[in-house]
Amino acid sequence: MNSSDISYLFSHYWSNFLYGTLSTIILSIVGTFGGLLLGIFLAFAQRIAIKKNTKWYQKGWRYLLKGFANFYSVLIRGTPMMVQAMIFKYGCQALGVNWNSIAPGVEVFDGWFYAGIIVITFNTAAYMGEIVKAGLNGIDRGQLEGAAALGLSPFQTLFYVSLPQALRNAIPTIGNEWVVNIKDSSVLNVIGVTELYFMSGQAANKNYMFMASYLIIALIYLILTLLTSLLLKMAERKMDGKKFSIPFFHYRPKKEASV
Amino acid sequence: MSETLLSLTHVSKTFDGTPVVKDVSFDVKKGECIAIIGSSGSGKSTLLRCINRLEDVTSGQILYQNRDILSYPEKELRSKISMVFQNFNLFNNLDVLGNCVIGQLHVLHREKKEAEKIAMIHLQEVGLAERAHAKIAVLSGGQKQRVAIARSLSMDPDIILFDEPTSALDPEMVGEVLSVMKNLAEKGLTMIVVTHEMSFAENVADRVLFFDEGYIKEQGTPHFIFAECANPRLKTFLGHKENG
Numbered sequence: 138m139n140s141s142d143i144s145y146l147f148s149h150y151w152s153n154f155l156y157g158t159l160s161t162i163i164l165s166i167v168g169t170f171g172g173l174l175l176g177i178f179l180a181f182a183q184r185i186a187i188k189k190n191t192k193w194y195q196k197g198w199r200y201l202l203k204g205f206a207n208f209y210s211v212l213i214r215g216t217p218m219m220v221q222a223m224i225f226k227y228g229c230q231a232l233g234v235n236w237n238s239i240a241p242g243v244e245v246f247d248g249w250f251y252a253g254i255i256v257i258t259f260n261t262a263a264y265m266g267e268i269v270k271a272g273l274n275g276i277d278r279g280q281l282e283g284a285a286a287l288g289l290s291p292f293q294t295l296f297y298v299s300l301p302q303a304l305r306n307a308i309p310t311i312g313n314e315w316v317v318n319i320k321d322s323s324v325l326n327v328i329g330v331t332e333l334y335f336m337s338g339q340a341a342n343k344n345y346m347f348m349a350s351y352l353i354i355a356l357i358y359l360i361l362t363l364l365t366s367l368l369l370k371m372a373e374r375k376m377d378g379k380k381f382s383i384p385f386f387h388y389r390p391k392k393e394a395s396v
Numbered sequence: 016m017s018e019t020l021l022s023l024t025h026v027s028k029t030f031d032g033t034p035v036v037k038d039v040s041f042d043v044k045k046g047e048c049i050a051i052i053g054s055s056g057s058g059k060s061t062l063l064r065c066i067n068r069l070e071d072v073t074s075g076q077i078l079y080q081n082r083d084i085l086s087y088p089e090k091e092l093r094s095k096i097s098m099v100f101q102n103f104n105l106f107n108n109l110d111v112l113g114n115c116v117i118g119q120l121h122v123l124h125r126e127k128k129e130a131e132k133i134a135m136i137h138l139q140e141v142g143l144a145e146r147a148h149a150k151i152a153v154l155s156g157g158q159k160q161r162v163a164i165a166r167s168l169s170m171d172p173d174i175i176l177f178d179e180p181t182s183a184l185d186p187e188m189v190g191e192v193l194s195v196m197k198n199l200a201e202k203g204l205t206m207i208v209v210t211h212e213m214s215f216a217e218n219v220a221d222r223v224l225f226f227d228e229g230y231i232k233e234q235g236t237p238h239f240i241f242a243e244c245a246n247p248r249l250k251t252f253l254g255h256k257e258n259g
């Protein structure tokens, strides 16, 4: 490999890299925030209270929901996303669902892109469920009692008191999950999702310029993850009430000499 | 004779076989301020929690306006019998006004504008109107407790239960909270106050109950409890308080 390979790939296959980058960004954003929404439901389900005085028919569905949420979380977090993607692919095939023919909305992406979004969203949901659950467990009992004493129902308490605080506290972890998704979406190439890794592979295979191609996407992944981290840091600083600024480049006034 | 709002008959509460409140009976009349004193762990707070149904009684009965509290929907009961806690229990994600409005919006189903107006009236009453948009985290302990009181008042309750409202405060801040409570008592709000502030019990309360080991050992006017009563257990308790 020499440096001309890199410039050759860039000049002839820039659209491949751009398309792949856009796909990866969309996959990671939809996967992370869709996963967060599903994760909130998973966390709710895992925390359903089953008390002694709960009526038997309510107990039934509560156990079912709670059991399902726990099982889902263990199953998804205990298996690699690549394997999940393959099982999803062949599962769909067995059921006669053909993703090649499904392309809702934007026709820029083929059906497998949407399949990829489903896989990454449902995978992320399991992790987000744990993150939200930990956030909810961190809310002190006093506030819950305060809400109960005011007459708020358990659901209202969850919605207006616990969840906003849990999410606020979980922002760094949620952001981390986003960064992980930018990188891990690359495994979706196994089911033909046209993300960055897949698109660079096309360019590499045609020209036998593997090293150059993977160096390029390594750089793109690095830029994406760094930019995302920077964005998250800025958002956090904003939420802490500090002035809007770019981390790592703060202007620090010199301390004046004490008299 | 004013009407009886709350009536407790032979109330007991047991936690895993350990009795905490034992055979407690008393009435609360409208406009009355009752102070409950007694050493820590004597069941005072548990009794308050039973009245608000944060705990359910093991045996006995609590009547609110001549109806068993168990027969009320929880929302209705808790909007009528409000509670102020030792550790304030304010919602950290909301500002001062938000804390006073949330219950009105979602329990009493008031319009937002109306709720905010009512909240501001009560914040004014506790002297915190100008801090309405402050975050809870920046308030002092005394201010937090006054917000908690305004939050309770905003629900227009018939009774407010105070569970050691000054125990978590610096000595400097105790005064500001007690003076708010004194004002409320003078305005005729029905209050049950679990407290270690003997001066409050002596000077503000209409009636004082002395709790010991889960029982009401003595009850009467502040003058009776603090000056006349000869119960040795009460004497020891008050003696410790004076010295300590």
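Residue numbers (this note's numbering), protein chains in the order written: chain A, 138 to 396; chain B, 16 to 259.
Every residue gets a Cβ at the ideal spot worked out from N, C-alpha and C, and that includes glycine.
Please report the distance separating the alpha-carbon of residue i from that of residue j.
i: residue 248 (chain A); j: residue 161 (chain B); result: 59 Å
i: residue 263 (chain A); j: residue 31 (chain B); result: 37 Å
i: residue 340 (chain A); j: residue 350 (chain A); result: 7 Å
i: residue 44 (chain B); j: residue 51 (chain B); result: 15 Å
i: residue 163 (chain A); j: residue 364 (chain A); result: 15 Å
i: residue 189 (chain B); j: residue 53 (chain B); result: 19 Å
i: residue 253 (chain B); j: residue 36 (chain B); result: 21 Å
i: residue 288 (chain A); j: residue 205 (chain A); result: 31 Å
i: residue 227 (chain A); j: residue 233 (chain A); result: 10 Å
i: residue 155 (chain A); j: residue 170 (chain A); result: 23 Å
i: residue 177 (chain A); j: residue 115 (chain B); result: 27 Å
i: residue 49 (chain B); j: residue 203 (chain B); result: 12 Å
i: residue 344 (chain A); j: residue 220 (chain A); result: 29 Å
i: residue 142 (chain A); j: residue 352 (chain A); result: 11 Å
i: residue 186 (chain B); j: residue 196 (chain A); result: 48 Å
i: residue 108 (chain B); j: residue 223 (chain A); result: 43 Å
i: residue 139 (chain A); j: residue 337 (chain A); result: 17 Å
i: residue 181 (chain B); j: residue 103 (chain B); result: 10 Å
i: residue 259 (chain A); j: residue 275 (chain A); result: 25 Å
i: residue 396 (chain A); j: residue 306 (chain A); result: Low confidence applies to residue 396 (chain A): its pLDDT is 48, below 50, so where it sits in the model is not reliable, and the reading given next is rough at best. Roughly 41 Å separates the two Cα atoms.
i: residue 342 (chain A); j: residue 254 (chain A); result: 25 Å
Tell me which same chain residues have a C-beta within less than 6 Å of the C-beta of residue i, skipping the five on either side of it?
i: residue 151 (chain A); result: none
i: residue 244 (chain B); result: 233
i: residue 246 (chain A); result: none
i: residue 178 (chain B); result: 60, 63, 100, 101 and 209
i: residue 21 (chain B); result: 43 and 79
i: residue 148 (chain B); result: 110
i: residue 237 (chain A); result: 248
i: residue 329 (chain A); result: 249
i: residue 249 (chain B); result: 225 and 233
Which residues share a DSSP beta bridge with residue i?
i: residue 233 (chain B); result: B:225
i: residue 206 (chain B); result: B:48 and B:175
i: residue 30 (chain B); result: B:33
i: residue 42 (chain B); result: B:22
i: residue 53 (chain B); result: B:226
i: residue 76 (chain B); result: B:24
Whose C-alpha, out of the options, is nearest the C-alpha of residue i?
i: residue 218 (chain B); options: B:241, B:118 and B:37; result: B:241
i: residue 303 (chain A); options: A:317, A:185, A:277 and A:234; result: A:277
i: residue 67 (chain B); options: B:78, B:41 and B:96; result: B:96
i: residue 187 (chain A); options: A:332, A:144 and A:203; result: A:203
i: residue 25 (chain B); options: B:73, B:249 and B:63; result: B:73
i: residue 373 (chain A); options: A:311, A:300 and A:330; result: A:311
i: residue 34 (chain B); options: B:229, B:70 and B:238; result: B:229
i: residue 315 (chain A); options: A:226, A:268 and A:179; result: A:268
i: residue 247 (chain B); options: B:238, B:227, B:237 and B:236; result: B:227
i: residue 185 (chain A); options: A:161, A:168, A:207 and A:368; result: A:207
i: residue 180 (chain A); options: A:197, A:284, A:160 and A:210; result: A:210
i: residue 333 (chain A); options: A:360, A:295, A:313 and A:281; result: A:360
i: residue 224 (chain B); options: B:39, B:28, B:198 and B:18; result: B:39
i: residue 135 (chain B); options: B:108, B:170 and B:104; result: B:170
i: residue 236 (chain B); options: B:220, B:57 and B:211; result: B:220
i: residue 182 (chain A); options: A:259, A:201, A:192 and A:160; result: A:201
i: residue 76 (chain B); options: B:174, B:151, B:27 and B:157; result: B:27
i: residue 229 (chain A); options: A:252, A:375 and A:153; result: A:252
i: residue 257 (chain A); options: A:286, A:165 and A:189; result: A:165
Should residue i be flagged as near chain D, meaning a C-beta pair shorter than 8 Å?
i: residue 272 (chain A); result: Absent from the structure: chain D. Protein chains present are A and B.
Can you give me the Cβ contacts of residue i inside the same chain, cut-off strictly under 7 Å, excluding the 5 residues immediately before and after it?
i: residue 155 (chain B); result: 188
i: residue 321 (chain A); result: 218
i: residue 366 (chain A); result: 316
i: residue 164 (chain B); result: 99, 141 and 195
Going along the chain, which residues of its own chain have a beta-carbon closer than 8 Å to the beta-carbon of residue i, five neighbours each way excluded?
i: residue 273 (chain A); result: 180, 184, 295, 299, 300 and 303
i: residue 319 (chain A); result: 161, 162, 165, 358, 361, 362 and 365
> Could you give the uninterrupted runs of the alpha helix (DSSP H) lying entirely in the region 232–274 of chain A, keeping only those of 4 residues or more?
Replying inline: 248–274
> Taking only runs of the alpha helix (DSSP H) that begin and end inside the region 273–322 of chain A, which ones reach a length of at least 4 residues, in chain order?
Replying inline: The qualifying runs are 278–287, 291–294 and 300–321.
>> To test your reading of the DSSP string, which unbroken alpha helix (DSSP H) runs of 4 or more residues are found completely within the region 94–182 of chain B?
In response: 111–121, 127–140 and 156–168
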